[in-house]
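The listed protein sequences derive, respectively, from chains Z and L. Numbering-wise, our numbering puts 75 at position 75 of the first sequence, and it's gapless, one number per residue. Quick note, our numbering runs 111 ahead of the 1-based positions in the second sequence.
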Amino acid sequence: RKEVEQDPGPFNVPEGATVAFNCTYSNSASQSFFWYRQDCRKEPKLLMSVYSSGNEDGRFTAQLNRASQYISLLIRDSKLSDSATYLCVVSPSGSARQLTFGSGTQLTVLP
Amino acid sequence: GAGVSQSPRYKVAKRGQDVALRCDPISGHVSLFWYQQALGQGPEFLTYFQNEAQLDKSGLPSDRFFAERPEGSVSTLKIQRTQQEDSAVYLCASSSFRDRAGEQYFGPGTRLTVT
Numbered sequence: 001r002k003e004v005e006q007d008p009g010p011f012n013v014p015e016g017a018t019v020a021f022n023c024t025y026s027n028s029a030s031q032s033f034f035w036y037r038q039d040c041r042k043e044p045k046l047l048m049s050v051y052s053s054g055n056e057d058g059r060f061t062a063q064l065n066r067a068s069q070y071i072s073l074l075i076r077d078s079k080l081s082d083s084a085t086y087l088c089v090v091s092p093s094g095s096a097r098q099l100t101f102g103s104g105t106q107l108t109v110l111p
Numbered sequence: 112g113a114g115v116s117q118s119p120r121y122k123v124a125k126r127g128q129d130v131a132l133r134c135d136p137i138s139g140h141v142s143l144f145w146y147q148q149a150l151g152q153g154p155e156f157l158t159y160f161q162n163e164a165q166l167d168k169s170g171l172p173s174d175r176f177f178a179e180r181p182e183g184s185v186s187t188l189k190i191q192r193t194q195q196e197d198s199a200v201y202l203c204a205s206s207s208f209r210d211r212a213g214e215q216y217f218g219p220g221t222r223l224t225v226t
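As structure tokens, then:
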């Protein structure tokens, strides 16, 4: 079983739609959680960190449920430029700095 | 400012050849990571340096893989006797302790194809 599991998609949604991605992780010792974005044939880039209290950055909202070991990302009013692969990422602790990535969820926003 | 750079961007190797992949991190970044990304998968951790010290090499898939960062800046990932299963994109990332936890800056990667 992979440490971080995501629905690979693809998700094809019209512009303006709201779309949600989910992710589960297996290591209960995980301390830090993130969403990265990766455009086709490009490098991954940090989209946002995920906190237990939930956090919002413009049209993007991330939630963490530690009890269920579940992370979500909500994108509202999706834009064509949101088309990318979204990678769910966990880190075991603050001192162990390597990241564990899910396989990614592919999103295409259609005009 | 300059980001993380990697060279070569593309490498084709015949099975059994040795390859060396280079990473130039962002100037002043203490931490440097190597990841391997297979097609359709997320990056998988290979190894981690803090300055010149290799603190974690638990992700290296075999003893054919070797990484170094002798002066605490540029790093080289070497793969000996390449096999077809080594075909992947090799990503280098760097970060400083001042960066947000989890914020790693990735280079464009080296796409390795072993024929």
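C-beta: ideal position from N, C-alpha, C; glycine also.
Is residue i near residue j, with beta carbons less than 9 Å apart?
i                      : j                      : result
residue 118 of chain L : residue 226 of chain L : no
residue 137 of chain L : residue 114 of chain L : yes
residue 91 of chain Z  : residue 34 of chain Z  : yes
residue 7 of chain Z   : residue 85 of chain Z  : no
residue 170 of chain L : residue 102 of chain Z : no
residue 37 of chain Z  : residue 144 of chain L : no
Among the options, which has the Cα closest to the Cα of residue i?
i                      : options                : result
residue 29 of chain Z  : Z:67, Z:58, Z:48, Z:59 : Z:67
residue 59 of chain Z  : Z:65, Z:48, Z:53       : Z:48
residue 184 of chain L : L:176, L:163, L:223    : L:163
Need the endpoints of the beta strand (DSSP E) that residue i sits in, please.
i                      : result
residue 158 of chain L : 155 to 161
residue 62 of chain Z  : 60 to 65
residue 69 of chain Z  : Segment: none, residue 69 of chain Z is in no beta strand (DSSP E) and carries neither H nor E.
State the DSSP-derived secondary structure class of residue i, mapped to helix, strand or coil.
i                      : result
residue 179 of chain L : strand
residue 82 of chain Z  : helix
residue 195 of chain L : helix
residue 222 of chain L : strand
residue 3 of chain Z   : coil
residue 40 of chain Z  : coil
residue 204 of chain L : strand
residue 148 of chain L : strand
residue 51 of chain Z  : coil
residue 29 of chain Z  : coil
Determine which residues share a DSSP beta bridge with residue i and list them.
i                      : result
residue 105 of chain Z : Z:86
residue 188 of chain L : L:132, L:178
residue 115 of chain L : Its beta-bridge partners do not exist; DSSP assigns none.
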